[in-house]
Amino acid sequence: MIARRTLVAAGAALAALAAAPSAYAQATPFKIGLILPMTGQQASTGKQEEAAVKLWTAQNGSTVAGRKVEVILKDDGGVPDATKRIAQELVVNDKVDVLVGFGITPSAFATAPIATQSKTPMVVTAAATSAITERSPYIVRTSFTLPQVTVPMADWAAKNKIKKVVTFVSDYGPGLDAEKFFKSQFQLDGGEVTGEIRTPLRGPDFAPFLQKVADSKPDAVFVFLPSGQGAAFMKQFGERGLDKSGIRLIATGDVTDDDQLNDMGDVALGVVNSHHYSAAHASATTEKFVQAFEAANKFRPNFMAVAGYDGMHLIYNALAATKGKGGGDALLAAMKGQVFESPRGQILIDAQTRDIVQDVYIRKVERVPAMGNQLFNVEFDVQKAVKDPAKSK
Ligand code: PHB
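Going from the sequence shown to my numbering is simple: count from 1 and add 8.
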């Protein structure tokens with residue numbers, strides 16, 4: 009017969025085991041597989057997010073609830089087949105606990121089945137097509153969605169004497185979301201979309217498309233292009249004299265991206281656009297983040313950097329909630345419903361959709377004397393706590 013005292017002792021030991029990370033978990037680092045385009049057309053996203061992840065780690069350490077955290081960075085070159093292969097290797101060979109990154113929508117789509125099959129949380133910190141989070145129950149997003157930032161832009165345009173608009177988008181997931189949601193909201197608000205232009209994702213030459221805009225003389229052209237293409241677009245917009253044609257340029261903030269904005273010059277001045285983050289956002293958290301980031305990198309953090317930083321924040325919180333144990337389902341459960349202060353303002357991970365809820369600002373590009381006379385997106389209007397409109401129906 010086993011003595012009662014032994015049973016009690018065994019029970020206590022079991023309880024202690026359940027509360028504390030197992031010896032295995034303690035000894036094994038928690039691995040974050042970070043997949044980004046470090047080369048190729050989308051390399052600015054990789055550069056921004058890598059810097060943000062390093063800043064997060066420098067500020068918050070690399071131990072959470074007694075567990076060592078290790079980040080494994082891989083370059084997918086922005087090629088979806090490579091993203092998928094790398095994700096598979098990270099899960100099978102490196103046994104990563106989470107997958108993070110995904111610079112473009114096709115990379116996120118390609119990886120979704122791996123997250124589902126392996127029950128690995130997949131934190132999307134860049135790609136922004138609405139449907140991404142529906143491709144796997146293990147996907148959580150800290151970036152944004154195109155419908156989320158586009159609907160407020162359509163509302164603003166309709167309220168500001170813009171009646172006829174030509175849409176101008178990159179011809180893939182996020183561009184098609186922007187085109188569709190701009191049109192439906194703008195029509196609802198009484199406006200008219202008189203033309204829809206799509207430019208190729210890879211190596212676009214904007215000139216012939218801009219000529220079409222000039223010929224059709226709308227009140228405004230609404231533009232979405234992925235981060236990294238804004239400066240080339242602005243240059244050609246100016247070279248064709250469109251900035252002096254009376255056709256207003258309105259856009260999502262991907263075009264007036266903080267990564268490139270200051271180099272765009274006067275052609276960008278006055279461009280009204282909508283987005284969830286500006287380096288000039290007036291809050292102590294933003295200011296601290298931008299200062300620390302610039303001190304470490306000599307370039308300005310853009311919206312990709314912020315989403316990468318918040319992705320790390322989300323993962324650290326989730327790992328702490330599991331007391332360092334991790335586990336796909338436990339991490340996922342801990343990510344759902346998180347609310348915290350980001351350098352963009354307060355954010356929420358909606359527990360039902362696993363997508364981000366955040367404030368969306370209307371901004372105007374201005375030179376800011378108090379900030380070295382540099383170009384910034386200066387926020388002047390806001391829609392609070394915007395859910396992805398593609399999911400809130
Ligand atoms: C995307 O591919 O989903 C994407 C990339 C860059 C952006 C926005 C969306 O700026």
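Just so you know, even glycine gets a beta-carbon here, dropped at the ideal spot from N, CA and C.
Would the beta-carbon of residue i be found less than 8 angstroms away from any heavy atom of the ligand PHB?
i: residue 262; result: yes
i: residue 339; result: no
i: residue 272; result: no
i: residue 84; result: no
i: residue 114; result: yes
i: residue 285; result: no
i: residue 380; result: no
i: residue 137; result: yes
i: residue 403; result: The question about residue 403 has no answer, for the chain in this structure spans 9 to 401.
i: residue 154; result: yes
i: residue 235; result: yes
i: residue 179; result: no
i: residue 265; result: yes
i: residue 150; result: no
i: residue 50; result: yes
Where does residue i sit, in a helix, a strand or coil, going by DSSP?
i: residue 383; result: strand
i: residue 370; result: strand
i: residue 354; result: strand
i: residue 321; result: helix
i: residue 277; result: coil
i: residue 282; result: strand
i: residue 363; result: coil
i: residue 96; result: helix
i: residue 111; result: coil
i: residue 55; result: helix
i: residue 287; result: coil
i: residue 203; result: strand
i: residue 397; result: coil
i: residue 306; result: coil
i: residue 10; result: Residue confidence for residue 10 is low, a pLDDT of 44 falling below 50, so the modelled location carries little weight and cannot support an answer.
i: residue 197; result: coil
i: residue 337; result: helix
Cβ of residue i within 9 angstroms of Cβ of residue j?
i: residue 385; j: residue 266; result: yes
i: residue 246; j: residue 286; result: no
i: residue 298; j: residue 256; result: no
i: residue 346; j: residue 367; result: no
i: residue 109; j: residue 48; result: no
i: residue 124; j: residue 146; result: yes
i: residue 324; j: residue 61; result: no
i: residue 312; j: residue 131; result: no
i: residue 188; j: residue 205; result: no
Handout entry: Every unbroken beta strand (DSSP E) inside the region 65-89 [3 residues or more]
Key = Runs of the beta strand (DSSP E) spanning 3 or more residues and lying entirely within the region 65-89 occur at 75-83, in chain order.
Exercise for the section: Go through the region 122-190 residue by residue and report every complete run of the alpha helix (DSSP H) that reaches 4 residues or more, in order. Expected result: For the alpha helix (DSSP H) assignment, the uninterrupted runs of no fewer than 4 residues enclosed by the region 122-190 are, from N- to C-terminal side, 154-167.
Practice task
Please specify which runs of the beta strand (DSSP E), each continuous and at least 3 residues long, are wholly inside the region 221-267, giving them in chain order.
Solution key: Listed in chain order, they are 228-232 and 256-260.
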